[in-house]
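Engineer: At position 102 of the sequence shown the residue is numbered 102 (UniProt numbering), and the sequence of numbers has no breaks.
Each residue gets a CB set at the ideal place from its N, CA and C atoms; glycine is no exception.
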Amino acid sequence: MPHALTMPVSTIVRPSATALHLHHALEASRQQEWPFRHWLLTDTLPEPVATGVTRLPHAPAAVGDTQGRRDTHNASRIFFNPDQQQRHPVAADIAHAFQHPETVALLSSRCRAPLAGSFLRIEYCLDTAGFWLRPHTDIGAKLLTLLIYLNPPEDAQDWGTDIYADPAAAPVARTDASFNRALIFVPGSNTWHGFEPRPVRGVRRTLMVNYVVAEWQSRHELAFPDQPVSNR
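1) Evaluate Q84 with the Cβ neighbour count: other Cβ atoms within 10 Å of its Cβ, from every protein chain shown; 16 or more gives buried, anything less gives exposed.
2) Could you have a look at L144 and say whether DSSP puts it in helix, strand or coil?
3) For F98, name the three-state secondary structure that DSSP assigns.
4) Can you confirm whether the segment 201-218 touches the segment 118-132 when touching is taken to mean that 3 or more C-beta pairs between the two stretches lie within less than 8 Å?
5) Just to confirm, are P60 and N190 a CB contact at a threshold of 8 Å?
6) Have a look at V229, L207, R201 and flag the residue whose alpha-carbon is nearest the alpha-carbon of F79.
7) Within the same chain, show all residues whose beta-carbon is closer than 7 Å to that of H38, passing over the 5 residues directly before and after it, in chain order.
8) Kindly list the residues whose CB is nearer than 8 Å to the CB of L143, restricted to its own chain and excluding five residues on each side of it in sequence; keep chain order.
9) In terms of alpha-carbon separation, which member of H88, A19, P135 lies closest to T103?
10) Could you give the residue range of the beta strand (DSSP E) that holds L40?
11) Entirely within the segment 190-232 and at least 4 residues each: give me those alpha helix (DSSP H) ranges in chain order.
12) What is the DSSP secondary structure of L5, reduced to helix, strand or coil?
13) Report back the beta-carbon spacing between L45 and L22 to the nearest angstrom; my notes put them in contact at under 8 Å.
14) Identify whether E154 lies in helix, strand or coil by the three-state DSSP scheme.
15) Who are I78's beta bridge partners in DSSP?
16) Hey, out of G202, T175, Q157, P82, whose CA is closest to A223's CA?
17) In its own chain, which residues sit with a C-beta less than 6 Å from the C-beta of P199, not counting the 5 before and 5 after it?
18) Sort out for me which residues DSSP pairs residue 233 with in a bridge.
19) Going by DSSP, what residue range makes up the alpha helix (DSSP H) through L20?
20) Return the bridge partner residues of L183 from the DSSP annotation.
21) Can you tell me the Cα-Cα spacing of R174 and L147, whole angstroms?
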(Lines of atoms letter the chains of each structure in order from A and count residues from 1; the text may use other names and numbers.)
(Lines give C-alpha, C1' and ligand atoms only; values in the text may rest on other atoms or scores of the structure.)
Protein backbone atom coordinates (compact mmCIF):
# COMPACT_ATOMS: atom_id res chain seq x y z
CA MET A 1 0.00 0.00 0.00
CA PRO A 2 1.53 3.35 -0.99
CA HIS A 3 2.44 5.76 1.74
CA ALA A 4 0.01 8.64 2.20
CA LEU A 5 1.39 12.00 1.16
CA THR A 6 2.25 14.25 4.05
CA MET A 7 1.25 17.85 3.34
CA PRO A 8 3.53 20.50 4.80
CA VAL A 9 1.96 22.51 7.57
CA SER A 10 2.00 26.21 6.72
CA THR A 11 3.70 28.45 9.24
CA ILE A 12 2.12 31.57 7.75
CA VAL A 13 -0.29 33.20 10.19
CA ARG A 14 -3.30 34.77 8.52
CA PRO A 15 -3.73 38.50 9.15
CA SER A 16 -5.96 39.30 12.09
CA ALA A 17 -9.07 41.46 11.76
CA THR A 18 -7.02 44.36 13.10
CA ALA A 19 -4.31 43.80 10.49
CA LEU A 20 -6.84 43.58 7.65
CA HIS A 21 -8.54 46.78 8.82
CA LEU A 22 -5.15 48.49 8.92
CA HIS A 23 -4.39 47.26 5.38
CA HIS A 24 -7.59 48.87 4.06
CA ALA A 25 -6.68 52.15 5.78
CA LEU A 26 -3.20 52.06 4.24
CA GLU A 27 -4.56 51.36 0.77
CA ALA A 28 -6.99 54.29 1.11
CA SER A 29 -4.40 56.71 2.52
CA ARG A 30 -3.87 60.10 0.86
CA GLN A 31 -0.33 60.88 -0.29
CA GLN A 32 0.89 64.47 0.15
CA GLU A 33 4.11 65.83 -1.37
CA TRP A 34 4.67 69.14 0.45
CA PRO A 35 6.76 70.05 2.35
CA PHE A 36 7.83 66.40 2.31
CA ARG A 37 6.16 63.20 1.21
CA HIS A 38 3.73 61.86 3.79
CA TRP A 39 0.50 59.90 3.99
CA LEU A 40 -2.70 60.69 5.90
CA LEU A 41 -5.01 57.93 7.11
CA THR A 42 -8.51 57.81 8.53
CA ASP A 43 -10.12 54.98 10.50
CA THR A 44 -6.68 53.46 10.98
CA LEU A 45 -7.55 50.76 13.53
CA PRO A 46 -10.87 49.05 14.27
CA GLU A 47 -12.78 51.40 16.55
CA PRO A 48 -12.95 48.95 19.49
CA VAL A 49 -9.19 48.45 19.27
CA ALA A 50 -8.43 52.18 19.14
CA THR A 51 -10.81 52.81 22.04
CA GLY A 52 -9.27 49.90 23.93
CA VAL A 53 -5.89 51.65 23.87
CA THR A 54 -7.37 54.75 25.52
CA ARG A 55 -8.72 52.53 28.32
CA LEU A 56 -5.38 50.99 29.23
CA PRO A 57 -4.58 51.56 32.93
CA HIS A 58 -1.70 53.95 32.30
CA ALA A 59 -1.53 57.42 33.80
CA PRO A 60 0.58 60.26 32.38
CA ALA A 61 3.93 60.55 34.09
CA ALA A 62 4.70 63.71 36.02
CA VAL A 63 7.57 65.20 34.04
CA GLY A 64 9.14 68.64 34.22
CA ASP A 65 10.69 70.57 31.38
CA THR A 66 11.37 68.05 28.61
CA GLN A 67 13.47 70.54 26.62
CA GLY A 68 11.34 69.65 23.62
CA ARG A 69 12.48 66.01 23.47
CA ARG A 70 10.93 62.72 24.56
CA ASP A 71 14.22 61.15 25.58
CA THR A 72 14.53 63.44 28.60
CA HIS A 73 12.02 61.19 30.42
CA ASN A 74 12.89 57.72 29.11
CA ALA A 75 12.19 55.99 32.42
CA SER A 76 8.48 56.81 32.28
CA ARG A 77 7.80 55.96 28.64
CA ILE A 78 5.35 53.19 27.69
CA PHE A 79 6.18 50.68 24.95
CA PHE A 80 4.13 47.76 23.64
CA ASN A 81 6.98 45.39 24.48
CA PRO A 82 6.47 41.69 25.39
CA ASP A 83 5.61 42.55 28.99
CA GLN A 84 2.89 45.04 27.98
CA GLN A 85 1.55 42.59 25.41
CA GLN A 86 1.27 39.87 28.03
CA ARG A 87 -0.59 42.21 30.36
CA HIS A 88 -2.86 43.83 27.78
CA PRO A 89 -4.38 41.88 24.84
CA VAL A 90 -5.04 45.08 22.87
CA ALA A 91 -1.32 45.85 22.89
CA ALA A 92 -0.55 42.35 21.61
CA ASP A 93 -3.23 42.65 18.92
CA ILE A 94 -1.77 45.91 17.58
CA ALA A 95 1.81 44.67 17.78
CA HIS A 96 1.01 41.52 15.82
CA ALA A 97 -0.91 43.55 13.22
CA PHE A 98 2.14 45.72 12.52
CA GLN A 99 4.53 42.74 12.67
CA HIS A 100 2.59 40.74 10.10
CA PRO A 101 4.46 40.21 6.79
CA GLU A 102 1.53 41.51 4.75
CA THR A 103 1.52 44.76 6.72
CA VAL A 104 5.28 45.12 6.30
CA ALA A 105 5.02 44.40 2.57
CA LEU A 106 2.23 46.94 2.11
CA LEU A 107 4.09 49.66 4.02
CA SER A 108 7.31 48.88 2.18
CA SER A 109 5.61 49.12 -1.20
CA ARG A 110 3.39 52.13 -0.54
CA CYS A 111 6.05 54.19 1.22
CA ARG A 112 9.05 52.85 -0.70
CA ALA A 113 10.74 51.94 2.55
CA PRO A 114 13.01 48.86 2.86
CA LEU A 115 11.65 47.50 6.14
CA ALA A 116 12.60 43.80 5.96
CA GLY A 117 15.06 42.96 8.72
CA SER A 118 14.08 45.95 10.86
CA PHE A 119 12.38 45.78 14.27
CA LEU A 120 8.98 47.03 15.39
CA ARG A 121 8.77 49.66 18.13
CA ILE A 122 5.42 50.98 19.39
CA GLU A 123 5.19 53.72 22.01
CA TYR A 124 2.01 54.86 23.73
CA CYS A 125 2.45 58.58 24.36
CA LEU A 126 0.44 60.37 27.06
CA ASP A 127 1.21 64.10 26.86
CA THR A 128 -0.07 66.75 29.25
CA ALA A 129 0.33 70.47 29.99
CA GLY A 130 3.81 71.74 29.20
CA PHE A 131 4.46 69.18 26.46
CA TRP A 132 6.17 70.35 23.28
CA LEU A 133 8.57 68.95 20.71
CA ARG A 134 11.23 70.92 18.90
CA PRO A 135 11.41 70.42 15.11
CA HIS A 136 13.27 67.21 14.26
CA THR A 137 13.45 64.76 11.36
CA ASP A 138 13.59 61.22 12.88
CA ILE A 139 16.43 60.54 10.44
CA GLY A 140 18.88 57.84 11.43
CA ALA A 141 17.80 54.66 13.18
CA LYS A 142 14.09 55.03 12.35
CA LEU A 143 13.15 53.67 8.92
CA LEU A 144 9.46 54.62 9.07
CA THR A 145 7.29 56.68 11.42
CA LEU A 146 3.53 56.28 11.84
CA LEU A 147 1.56 58.36 14.35
CA ILE A 148 -1.98 57.29 15.27
CA TYR A 149 -3.94 60.00 17.09
CA LEU A 150 -6.37 58.95 19.82
CA ASN A 151 -7.84 62.29 20.88
CA PRO A 152 -11.41 63.54 21.41
CA PRO A 153 -12.85 65.66 18.57
CA GLU A 154 -12.88 68.89 20.56
CA ASP A 155 -9.07 68.81 20.75
CA ALA A 156 -8.30 67.34 17.34
CA GLN A 157 -7.50 70.55 15.49
CA ASP A 158 -5.11 71.87 18.14
CA TRP A 159 -3.27 68.65 19.00
CA GLY A 160 -1.95 67.57 15.61
CA THR A 161 1.69 67.27 14.56
CA ASP A 162 3.27 70.47 13.24
CA ILE A 163 5.01 70.14 9.87
CA TYR A 164 7.81 72.46 8.76
CA ALA A 165 9.42 73.42 5.47
CA ASP A 166 12.13 75.22 7.43
CA PRO A 167 12.87 74.25 11.05
CA ALA A 168 13.80 77.85 11.83
CA ALA A 169 10.42 79.16 10.64
CA ALA A 170 6.81 78.69 11.67
CA PRO A 171 5.10 75.40 10.77
CA VAL A 172 3.42 75.32 7.37
CA ALA A 173 0.81 72.71 8.31
CA ARG A 174 -0.70 70.88 11.24
CA THR A 175 -2.16 67.40 10.91
CA ASP A 176 -5.73 66.61 11.87
CA ALA A 177 -5.44 64.70 15.15
CA SER A 178 -9.02 63.46 15.14
CA PHE A 179 -9.59 60.11 16.77
CA ASN A 180 -8.06 57.21 14.81
CA ARG A 181 -6.46 59.36 12.09
CA ALA A 182 -2.78 58.86 11.34
CA LEU A 183 0.32 60.34 9.73
CA ILE A 184 3.06 58.30 8.03
CA PHE A 185 6.41 59.42 6.64
CA VAL A 186 9.78 57.94 5.81
CA PRO A 187 12.41 59.90 7.77
CA GLY A 188 14.72 61.97 5.61
CA SER A 189 16.74 65.15 5.73
CA ASN A 190 13.64 67.31 5.15
CA THR A 191 11.00 65.55 7.29
CA TRP A 192 10.84 68.31 9.89
CA HIS A 193 8.01 67.89 12.38
CA GLY A 194 7.32 68.75 16.00
CA PHE A 195 4.73 70.14 18.40
CA GLU A 196 4.71 73.89 18.97
CA PRO A 197 4.21 74.98 22.60
CA ARG A 198 0.49 75.46 23.22
CA PRO A 199 -2.10 74.60 25.85
CA VAL A 200 -2.74 70.90 26.42
CA ARG A 201 -5.75 70.48 28.68
CA GLY A 202 -6.24 66.88 29.64
CA VAL A 203 -4.21 64.10 27.99
CA ARG A 204 -3.01 64.01 24.38
CA ARG A 205 -2.86 60.34 23.34
CA THR A 206 -0.80 59.05 20.42
CA LEU A 207 0.49 55.67 19.29
CA MET A 208 3.92 56.15 17.74
CA VAL A 209 4.87 53.22 15.52
CA ASN A 210 8.42 52.93 14.19
CA TYR A 211 10.39 50.33 12.30
CA VAL A 212 13.98 50.70 13.48
CA VAL A 213 17.36 49.35 12.43
CA ALA A 214 18.63 46.03 13.77
CA GLU A 215 21.30 47.82 15.82
CA TRP A 216 18.68 49.58 17.99
CA GLN A 217 20.24 49.63 21.45
CA SER A 218 17.19 49.81 23.76
CA ARG A 219 15.86 46.32 23.14
CA HIS A 220 13.26 46.64 25.93
CA GLU A 221 11.41 49.14 23.71
CA LEU A 222 10.86 46.64 20.90
CA ALA A 223 7.65 44.71 20.38
CA PHE A 224 9.53 41.54 19.38
CA PRO A 225 13.19 42.02 20.41
CA ASP A 226 14.34 38.75 18.81
CA GLN A 227 12.16 38.82 15.69
CA PRO A 228 12.98 41.17 12.81
CA VAL A 229 10.08 41.88 10.51
CA SER A 230 9.72 40.16 7.15
CA ASN A 231 7.71 41.10 4.06
CA ARG A 232 7.15 37.52 2.92
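Structural biologist: According to the structure shown:
1) Against the sequence shown, residue 84 aligns to sequence position 84. Residue environment: Q84 is assigned as buried (16 or more neighbouring CB atoms within 10 Å of its CB, all protein chains considered).
2) Along the sequence shown, read from residue 1 onward, the residue named residue 144 stands at position 144. It is a strand residue.
3) In the sequence shown, counting from the first residue as 1, residue 98 sits at position 98. F98 falls in the helix class under three-state DSSP.
4) With the cut-off at 8 Å, the segment 118-132 and the segment 201-218 touch.
5) The count along the sequence shown starts at 1 and reaches residue 60 at position 60. The count along the sequence shown starts at 1 and reaches residue 190 at position 190. No, the pair does not count as a contact, with Cβ atoms beyond the cut-off.
6) As a working note, residue 79 is residue 79 in the sequence shown. Distance from the Cα of F79 is smallest, within the candidate group V229, L207, R201, for L207.
7) Residue 38 sits at position 38 when you count from the first residue of the sequence shown. Around H38, the same chain offers Q32, L183, I184, F185 as residues with beta carbons nearer than 7 Å, after the five sequence neighbours per side are excluded.
8) Taking the first residue of the sequence shown as position 1, residue 143 is located at position 143. Counting only Cβ-Cβ distances below 8 Å, and skipping sequence neighbours, we find A113, P114, L115, S118, V186, P187, N210, Y211, V212, V213.
9) Numbered from 1 along the sequence shown, position 103 holds the residue referred to as residue 103. The residue with the shortest Cα to Cα distance from T103 is A19.
10) Taking the sequence shown and counting its residues from 1, one reaches residue 40 at position 40. From DSSP, the beta strand (DSSP E) with L40 extends over 38-41.
11) Counting only unbroken stretches of 4 or more residues, no alpha helix (DSSP H) element lies wholly within the segment 190-232.
12) What you label residue 5 is simply residue 5 of the sequence shown in a count that begins at 1. Confidence at L5 is low in this model, with a pLDDT of 39, below 50, so the placement of that residue is unreliable and no value is reported for it.
13) The residue you call residue 45 lines up with position 45 of the sequence shown. The residue you call residue 22 lines up with position 22 of the sequence shown. The beta carbons of L45 and L22 sit about 6 Å from each other, so the pair counts as a contact at 8 Å.
14) Translated into the one-based positions of the sequence shown, residue 154 becomes position 154. Looking at E154 - three-state DSSP - the assignment turns out to be helix.
15) Taking the sequence shown and counting its residues from 1, the one referred to as residue 78 is at position 78. Y124.
16) Here the question's residue 223 lines up with position 223 in the sequence shown. Looking at G202, T175, Q157, P82, the one whose alpha-carbon comes closest to that of A223 is P82.
17) Counting from 1 along the sequence shown, the entry for residue 199 is found at position 199. Cβ-Cβ distances below 6 Å link P199 to nothing in the same chain once the five nearest sequence neighbours on each side are left out.
18) Since the first residue of the chain shown is 1 and the last is 232, residue 233 is not available in this structure.
19) Numbered from its first residue, the sequence shown carries residue 20 at position 20. Annotation for L20: the continuous alpha helix (DSSP H) segment containing it runs 17-27.
20) Numbered from 1 along the sequence shown, position 183 holds the residue referred to as residue 183. DSSP, once it has assigned bridges, lists L40, L147 as partnering L183.
21) Translated into positions along the sequence shown, residue 174 becomes position 174. Translated into positions along the sequence shown, residue 147 becomes position 147. Computed Cα separation, rounded: 13 Å.
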